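Residue numbers (our numbering): 9 to 116. Yeah, the Cβ is synthetic: ideal placement off N, Cα and C, and Gly gets one too. Note that the structure is predicted; figures quoted are calculated from it, not measured.
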Amino acid sequence: MTMVCGSSTRDYCFVGDIVAANLLALENNQAAGVYNVGTGEEASVNKVFEAIKSATNYQGEPIYADARPGEIQRIVLDSTRLRTELGWKPSVMFEEGIAQTIEWHLKK
9 MTMVCGSSTR DYCFVGDIVA ANLLALENNQ AAGVYNVGTG EEASVNKVFE
59 AIKSATNYQG EPIYADARPG EIQRIVLDST RLRTELGWKP SVMFEEGIAQ
109 TIEWHLKK
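Have a look at this one:
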């Protein structure tokens with residue numbers, strides 16, 4: 009299968025939302041087993057690039073490399089169990105998460 013450059017996807021979840029999910033699981037005595045922590049939404053490498061470009065006012069264009077052998081091209085997580093059993097949901101949307109992450113790195 010040939011993929012268009014930058015079209016592979018991942019389910020990007022803001023680190024603060026992941027921490028919140030873990031804290032919910034730790035605080036709930038009934039929590040057991042595996043919980044997927046994700047937004048349920050796919051974001052392409054191109055979308056990540058465009059969000060970072062916008063948040064940083066970068067003027068360049070992406071530079072693509074060949075896909076790595078065996079790399080998964082699409083992935084999205086089903087966090088239904090986490091949402092229904094523990095009441096978790098992501099609170100930081102994709103673009104805002106990118107902006108907050110960049111801001112944090114700039115302060116370091």
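Grab the span of the alpha helix (DSSP H) containing residue i for me, first residue to last.
i	result
GLN108	102 to 115
SER62	53 to 64
GLU35	23 to 35
Of the choices the options, whose alpha-carbon is the least far from that of residue i?
i	options	result
LEU94	ALA40, GLN108 and VAL12	ALA40
ALA33	ILE106, HIS113, ALA107 and ARG89	ARG89
HIS113	ILE60, SER15 and ASN54	ILE60
GLU104	SER16, VAL56, ASN37 and TYR43	VAL56
PRO70	SER62, GLY46 and ARG76	SER62
VAL42	ILE106, PRO98, ASP86 and VAL100	ASP86
GLU111	THR64, THR47 and VAL100	THR64
ILE83	LYS97, GLY46, GLU58 and PRO77	GLY46
Just the Cα atoms here: how many angstroms apart are residue i and residue j?
i	j	result
GLU35	ALA28	10 Å
ASP19	LYS115	26 Å
ILE80	ASN37	35 Å
TYR72	THR17	15 Å
GLU50	SER15	10 Å
THR109	SER52	18 Å
PHE102	LEU31	21 Å
VAL23	VAL100	9 Å
ASP74	PRO98	32 Å
Pull up the DSSP beta-bridge partners for residue i, would you.
i	result
ARG89	Looking at the DSSP assignment, ARG89 forms no beta bridge with any residue, so it has no partner.
Taking the beta carbon of residue i as the centre, do at least 16 other beta carbons fall within 10 Å, making it buried, or is it exposed?
i	result
CYS13	exposed
TYR66	exposed
THR92	exposed
GLY68	exposed
PRO77	exposed
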